[in-house]
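Accompanying notes for the structure given below.
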Amino acid sequence: MTERTGGNEKYLYYPGCSLHSTAEEFNESMQALLGALGFVWEELSDWNCCGATPAHAQSEFLGAALPLRNLILAERQAETWDRPTGGAVELLVPCAACYSAFRLAEHEVREGGERGRELGREVAEVMGRPFEGNVAVRHPLEVLGRQEAADRLRAGVERPLTGLKVACYYGCLLVRPSEVVSFESDPEHPESMDKLMTLLGAEPVRWSYKTDCCGQSMAVAESGLVSELTGRIVRAARGAGAYALVTACPLCMMNLDSRQKPGPGERALPVFFFTELACLALGVGRPEAWFRRHLTDVRPALEVLEAKQSASA
Amino acid sequence: MGSGAVELYLPGSEGRPVLLSPGFVREVEDLAGRMVSRCYQCKKCTSGCPAGFSMDYQCHEIIRLVQLGARDEALRSAAIWLCASCRTCRERCPNDVDPATVMDCLKVMAAAAGVPLGRRRVRTFHRAFLATVAALGRAHELGSIALYKLAVPGAALDDLGLGLRMLSRGKLKVAPDGIKGRGEVAAIFRRAKARETRLRKRFGRTGAAEGRGGHT
Numbered sequence: 001m002t003e004r005t006g007g008n009e010k011y012l013y014y015p016g017c018s019l020h021s022t023a024e025e026f027n028e029s030m031q032a033l034l035g036a037l038g039f040v041w042e043e044l045s046d047w048n049c050c051g052a053t054p055a056h057a058q059s060e061f062l063g064a065a066l067p068l069r070n071l072i073l074a075e076r077q078a079e080t081w082d083r084p085t086g087g088a089v090e091l092l093v094p095c096a097a098c099y100s101a102f103r104l105a106e107h108e109v110r111e112g113g114e115r116g117r118e119l120g121r122e123v124a125e126v127m128g129r130p131f132e133g134n135v136a137v138r139h140p141l142e143v144l145g146r147q148e149a150a151d152r153l154r155a156g157v158e159r160p161l162t163g164l165k166v167a168c169y170y171g172c173l174l175v176r177p178s179e180v181v182s183f184e185s186d187p188e189h190p191e192s193m194d195k196l197m198t199l200l201g202a203e204p205v206r207w208s209y210k211t212d213c214c215g216q217s218m219a220v221a222e223s224g225l226v227s228e229l230t231g232r233i234v235r236a237a238r239g240a241g242a243y244a245l246v247t248a249c250p251l252c253m254m255n256l257d258s259r260q261k262p263g264p265g266e267r268a269l270p271v272f273f274f275t276e277l278a279c280l281a282l283g284v285g286r287p288e289a290w291f292r293r294h295l296t297d298v299r300p301a302l303e304v305l306e307a308k309q310s311a312s313a
Numbered sequence: 314m315g316s317g318a319v320e321l322y323l324p325g326s327e328g329r330p331v332l333l334s335p336g337f338v339r340e341v342e343d344l345a346g347r348m349v350s351r352c353y354q355c356k357k358c359t360s361g362c363p364a365g366f367s368m369d370y371q372c373h374e375i376i377r378l379v380q381l382g383a384r385d386e387a388l389r390s391a392a393i394w395l396c397a398s399c400r401t402c403r404e405r406c407p408n409d410v411d412p413a414t415v416m417d418c419l420k421v422m423a424a425a426a427g428v429p430l431g432r433r434r435v436r437t438f439h440r441a442f443l444a445t446v447a448a449l450g451r452a453h454e455l456g457s458i459a460l461y462k463l464a465v466p467g468a469a470l471d472d473l474g475l476g477l478r479m480l481s482r483g484k485l486k487v488a489p490d491g492i493k494g495r496g497e498v499a500a501i502f503r504r505a506k507a508r509e510t511r512l513r514k515r516f517g518r519t520g521a522a523e524g525r526g527g528h529t
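For the protein sequence lines, the chains are A and B, in the order given.
When the letters of the first sequence are read in order and numbered with this note's numbering, they come out as residues 1 to 313.
When the letters of the second sequence are read in order and numbered with this note's numbering, they come out as residues 314 to 529.
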């Protein structure tokens with residue numbers, strides 16, 4: 001497989017519904033980061049919702065057909081580009097839930113036997129063309145971990161996150177089912193975000209809740225379940241000495257950011273998108289504006305960072 | 314395939330005779346595309362299940378109910394709705410049973426069969442969420458929360474403070490985001506609906522309408 005890096009190839013970009021609403025700061029910081037590293041991309045035109053958990057819980061067909069429409073649109077859009085190298089176009093999907101839905105749908109069409117063929121046929125009838133498999137769905141963490149992007153990131157750090165201990169939280173959707181979605185060498189112990197945080201000068205802590213579930217979309221109907229699960233994750237991160245949690249998923253962010261109940265004398269643990277911290281270190285984008293959108297005050301982490309930075313200066 | 318009442322001691326049935334449908338496991342295997350009969354009850358799924366503390370039956374018990382043909386116990390359980398689809402069970406299952414997919418399949422069957430749902434409000438949320446996607450092509454959080462609260466008695470004031478804080482930070486968009494291709498999305502929903510109708514004919518019971526029983 002040829003190594004493709006930022007700047008040389010044009011990517012497609014699928015933001016998804018969360019990045020247009022609850023997690024706009026993820027969308028803005030993601031694009032600020034990609035831009036700073038020389039990536040070139042085009043947003044997928046007229047994209048639709050991936051369906052998330054409600055779709056696959058209601059109908060296996062719906063859960064796969066909604067992402068499949070987007071994959072067909074991606075193929076159509078990339079055909080209009082002048083692409084001398086050919087091959088599959090890479091579609092960047094920052095939302096972990098959308099990423100997972102896309103990978104699972106693609107897997108179903110390719111490997112799902114008669115059921116997968118029927119799915120492909122039905123969506124092709126709706127769209128007037130089949131999905132031919134010329135789209136490679138990528139999470140930005142995978143692409144940013146490639147050598148050239150990592151080198152640019154390291155070279156671009158203006159203000160290292162020295163002394164900032166962070167608990168990198170991957171959740172479910174980037175790692176399971178590993179044979180379909182994971183780009184980690186050990187899906188039970190993912191490291192892509194830890195490596196990225198290390199490049200930025202931060203100190204990822206060792207902890208055991210990297211891939212435990214936050215409760216996802218149960219937040220509305222079963223908020224008690226979600227409070228319990230997020231409580232465990234926050235306690236574990238705090239116990240490991242982290243000053244902040246870092247996530248790559250808008251649903252994890254929503255649950256961790258909104259449902260903390262700090263004990264007496266404790267302050268809630270700040271939660272960041274990995275892209276926000278990367279932009280802070282690179283000195284790009286509008287981190288202050290993004291941080292104002294958070295429900296949990298991020299200042300405790302920023303204060304630690306400032307104290308450590310001035311001590312090391 | 315016949316079914317018969319058998320004196321079966323299940324945690325939830327407290328010694329009441331449980332009606333068994335011997336063909337149930339094949340129905341689930343056919344619909345889920347997973348070999349449920351392979352499960353040998355190692356409980357790795359339950360050991361790793363983050364939502365287990367809230368469930369009436371544990372993950373391996375749901376699988377066992379299916380193997381036994383305890384159709385009603387499985388379809389009426391709260392557990393199938395409390396599964397958060399984290400897929401830890403699928404990752405660790407030595408027999409590739411994929412309990413998370415089986416849980417989804419049981420949700421679909423429970424809705425099609427018209428039995429009282431163990432956690433109806435979870436399905437109500439799913440439907441509210443999907444209603445905005447079907448209409449607009451994209452999810453609209455505020456709209457789906459409003460639809461959910463209208464449908465669930467007593468939910469109107471849940472998380473009201475959180476909702477207001479999210480609104481004030483611009484995290485809930487008031488104006489929905491629609492797409493040009495919503496006709497294509499609607500066509501996908503129509504095809505999903507046609508499948509649901511077929512399933513209702515297959516699994517439904519006469520006179521049983523979805524949503525019998527109140528919100529729990």
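Ideal Cβ positions, reconstructed from N, Cα and C, are used throughout, including at glycine.
* Asked: Does the beta-carbon of C168 (chain A) have 16 or more other beta-carbons within 10 angstroms, so that it is buried, or is it exposed?
  -> buried
* Which chain B residues sit within Cβ distance under 7 Å of S17 (chain A)? -> The sequence given here places Cys at residue 17 (chain A); Ser does not occur at that position. Chain B residues near C17 (chain A): R451, A452.
* Check the Cβ-Cβ distances between Q77 (chain A) and every residue of chain B, and say whether any is below 8 Å. => no
* Asked: Residues of chain A with a CB under 8 Å from the CB of L485 (chain B): which are they?
  -> S21, T22
* Mind listing which residues of the segment 202-228 of chain A have their C-beta closer than 9 Å to chain B's C-betas, in chain order? -> T211, D212, C213, C214, G215, Q216, S217, M218, A219, V220, A221, E222, S223, G224, L225, V226, E228
* **For R209 (chain A), three-class secondary structure by DSSP** => In the sequence as presented, Arg is not what sits at residue 209 (chain A); that position holds Tyr. The answer is coil: DSSP assigns Y209 (chain A) none of H, G, I, E or B.
* Could you tell me the boundaries of the beta strand (DSSP E) in which T247 (chain A) lies? => 244-247
* Closer than 8 Å, CB to CB, is F273 (chain A) near chain B or not? -> no
* Asked: Comparing the C-beta of Y461 (chain B) with each C-beta of chain A, is any distance below 8 Å?
  -> yes
* Closest by CA to G494 (chain B), which one among B:C402, B:T510, B:A448? -> B:A448
* Would you verify that the beta carbon of A448 (chain B) is, or is not, closer than 8 Å to some beta carbon of chain A? => no
* To do: Return the chain-ordered list of same chain residues with a C-beta closer than 6 Å to the C-beta of A301 (chain A), the five sequence neighbours on each side being excluded.
  => Y243, A244, P270
* Thinking C-beta only, is A248 (chain A) closer than 8 Å to L199 (chain A)? -> no
* Could you tell me the distance, in whole angstroms, from the CA atom of L73 (chain A) to the CA atom of A88 (chain A)? => 14 Å
* **Endpoints, the beta strand (DSSP E) within which K484 (chain B) is located** => Premise fails: K484 (chain B) is in no beta strand (DSSP E) and is neither H nor E.
* **Beta-carbon proximity of P15 (chain A) to E43 (chain A), cut-off 8 Å** => yes
* Asked: Name the residues in the segment 392-407 of chain B whose C-beta lies less than 7 Å from a C-beta of chain A; which are they?
  -> L395, A397, S398, C399, R400, T401, R403, E404
* Asked: Taking Cβ positions only, does M1 (chain A) come closer than 8 Å to chain B?
  -> Note that M1 (chain A) scores a pLDDT of 38, beneath 50, so its modelled location is shaky; the value from the coordinates is reported in the next line. No, M1 (chain A) does not count as interfacial toward chain B.
* Asked: Among B:A345, B:H453, B:Y461, which one has its Cα closest to the Cα of I492 (chain B)?
  -> B:H453
* Short CB-CB distance (under 8 Å) between Q260 (chain A) and chain B -> no
* Would you mind sorting S312 (chain A) into buried or exposed? The rule is 16 or more other CB atoms within 10 Å of its CB. => exposed
* Asked: Going by alpha carbons, who is nearest to C95 (chain A) out of A:R154, A:L19, A:Y170, A:R286?
  -> A:L19
* A426 (chain B) versus chain A: which residues are under 9 Å apart at the beta carbon? -> Near A426 (chain B) there are no residues of chain A at all, since even the closest Cβ is about 15 Å away, more than 9 Å.
* Asked: So what does DSSP say about E60 (chain A), is it helix, strand or coil?
  -> helix
* Which bits of chain A does K493 (chain B) rub up against, with CB to CB less than 7 Å? -> D46
* For chain A, find out if any of its Cβ atoms is closer than 8 Å to the Cβ of C372 (chain B); answer yes or no. => no
* Kindly list the residues whose CB is nearer than 8 Å to the CB of R293 (chain A), restricted to its own chain and excluding five residues on each side of it in sequence; keep chain order. => E24, E25
* Three-way DSSP call (helix, strand, coil) for A522 (chain B) in this model -> With a pLDDT of 47 at A522 (chain B), under the threshold of 50, the modelled position of this residue cannot be trusted; read the value that follows with caution. Coil.
* So which residues on chain A does E497 (chain B) lean against when the C-beta distance must stay under 7 Å? -> R69, V126, M127
* Asked: For the candidate residues B:Y353, B:I458, B:E374, whose alpha-carbon lies nearest to that of C362 (chain B)?
  -> B:E374
* Counting only beta-carbon atoms, is G6 (chain A) nearer than 8 Å to chain B? -> The predicted model places G6 (chain A) with a pLDDT of 43, which falls under 50 and marks its position as unreliable; any figure quoted below should be read in that light. G6 (chain A) does not count as touching chain B.
* Going along the chain, which residues of its own chain have a beta-carbon closer than 7 Å to the beta-carbon of T53 (chain A), five neighbours each way excluded? -> Q216, S217
* Asked: Since E42 (chain A) sits in a beta bridge, which residues does DSSP pair it with?
  -> A:L12
* **chain A contact for I516 (chain B) (CB, 8 Å cutoff)** => Per the sequence shown, the amino acid found at residue 516 (chain B) is Phe instead of Ile. Not one chain A Cβ lies under 8 Å of F516 (chain B).
* **Contact list for E342 (chain B) against chain A, beta-carbon separation under 8 Å** => Going along chain A, no residue has its Cβ under 8 Å from E342 (chain B), so there is no contact; the nearest lies around 13 Å.
* What is the DSSP secondary structure of C50 (chain A), counted as helix, strand or coil? -> coil
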